[in-house]
Amino acid sequence: MSYFSIMFMMMYLSSFLLILSNDSWFLLWVGLEINMLSFIMLVYEKSIINIEMCLKYFFIQGVGSALLLMVLIMKSIFYKEAVVMILSYKMGAGPFYFWFSIFCEGVSWNSCFLIMSIQKLVPLMILSLFICSMVWLVMLMSMVIGLFGCFNETKLKKFLAFSSIHYIGWMMLCMCVNSYLWVLYLIGYMFMLLGVLMSIKKKEIFMVSDFLNFKNPFLFLYSMLNMGGMPPMLGFFLKWWVFLKVLSFHIWLVWLVITLAVIMFYVYMRMVYHIVVGYNFSYLYMSQDMYLFSMSSKEWIYVLGMVVTPVLGWSLFM
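For the sequence shown, the numbering used here begins at 15 and goes up steadily by one.
What follows is the structure, given as structure tokens:
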């Protein structure tokens, strides 16, 4: 890692500390700007597509930051609603999804992990202070748009980008029913997404069909089932905890949560099914090595952790 990478990484981490450790709106806005600039420098690579994505991200976030500063200064009648819409725009949630999947397609997998997980922390934290009817609307739109965006999507980065938009909706739902449940959900989502990155590593993966040439697709398939919510994995327990909190609210919300969870599970199962069926035919021509035993120790630790950890958490806290 070069000197500049270390410097921008320190700036990136310090921006979170600045935002989390003060109660001034101006310093919070400054922290957002430092976070944006350091993130751009971390994802920057010497390629035309990457440079174009960085410029687009800078323009989009710059517009959002200018609008946020203006709203914070003016404090109009629809102050809360305006802040919610601006933060949704900066995250790529709800009706502002258009730039998110395009950006993810043009950057590396490590950059995708950052913007799909860690970059959501600050906007969601600010959003938790402005719970209003607009949050429910953005939550519903994020869930539906993310769900339908995943249908028939063969490009892996776009699939995960729309899946991330869908999970933003789940985090907003957590925010509405419990003050701190969204933090747990975000951390759990980060670990589930980490499994996808571990399965891909440094391989050139762009399409879902590229996994048919994998010697060991087990970890990727496991990660997909985990994100889909297959019991007894982490993804299932996260949704189950949300479901238990939602039970105290309106019955329509309970049916909405169940319906969206089942349909999203079907989307992930459909992808896994196509990979498994295609892989079985190609596996006939491979060596007799058992691909399950070719996994590294850290991959096995991840797989076991995604099953054991939620079960232990359930037994201790429920």
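Quick reminder that beta carbons are idealized off the backbone N, C-alpha and C, glycines included.
Between the alpha carbons of Trp150 and Leu187 lies a distance of about 7 Å. Taken atom to atom, the span from the alpha-carbon of Glu119 to that of Cys68 is near 12 Å. In the pairwise beta carbon analysis, the segment 106-120 is classified as touching the segment 168-183: at least three pairs are separated by under 8 Å. Its chain contains Phe176 as the residues whose beta carbon lies nearer than 6 Å to that of Gly163, once the 5 sequence neighbours on both sides are disregarded; these appear in chain order. The way I'd put it, the segment 206-214 doesn't touch the segment 141-156; fewer than three beta-carbon pairs between them come closer than 8 Å.
Selection Asp37, Leu233, Met189 evaluated against Val210 yields Leu233 as nearest (Cα-Cα). Taking the C-beta atoms as reference points, Val260 is found nearer than 9 Å to Val191. Judged by beta-carbon spacing, Met204 lies within the 9 Å limit of Ser131, meaning their Cβ atoms are closer than that value.
Going by C-alpha positions, Ser102 is about 12 Å away from Leu81. In the three-state DSSP reduction, Met186 falls in the helix class (H, G or I). Close CB contacts of Glu167 within its chain, under the 7 Å cut and outside five residues either way in sequence, are with Phe173, Phe176 (chain order). By the C-beta density criterion, Phe53 is buried, having at least 16 other C-beta atoms within 10 angstroms. Inclusion of Leu128 and Leu56 in the CB contact set at 9 Å is warranted, their separation being smaller than that value.
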